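Down below is the structure, laid out as structure tokens.
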């Protein structure tokens, strides 16, 4: 099992969740509307949060 990657709306709703094992991850964003989202990547050592902007 890999590490989880999640995409949340800015109001906190979970929109996408998948496990990854690679150093590079491709996320299908075509279902996301224009706006801001929160991207959360969890590793064994840390949780990384980044704002994701869809234009």
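In the numbering used here, the protein residues as written are 17 to 71. Note that the Cβ used here is the ideal one computed from N, Cα and C, for glycine as well. On a predicted model such as this, the values are computed, not experimentally measured, just so you know.
The segment 60-70 and the segment 33-40 do not touch, with fewer than 3 CB-CB distances between them shorter than 8 Å.
The beta-carbon separation of residue 68 and residue 21, rounded to 11 Å, does not stay under the 8 Å limit for a contact.
Residues of the same chain with a CB within less than 7 Å of the CB of residue 51, apart from the 5 flanking positions on each side, are 70 in chain order. Uninterrupted alpha helix (DSSP H) stretches at least 4 residues long and entirely within the segment 18-62 do not occur.
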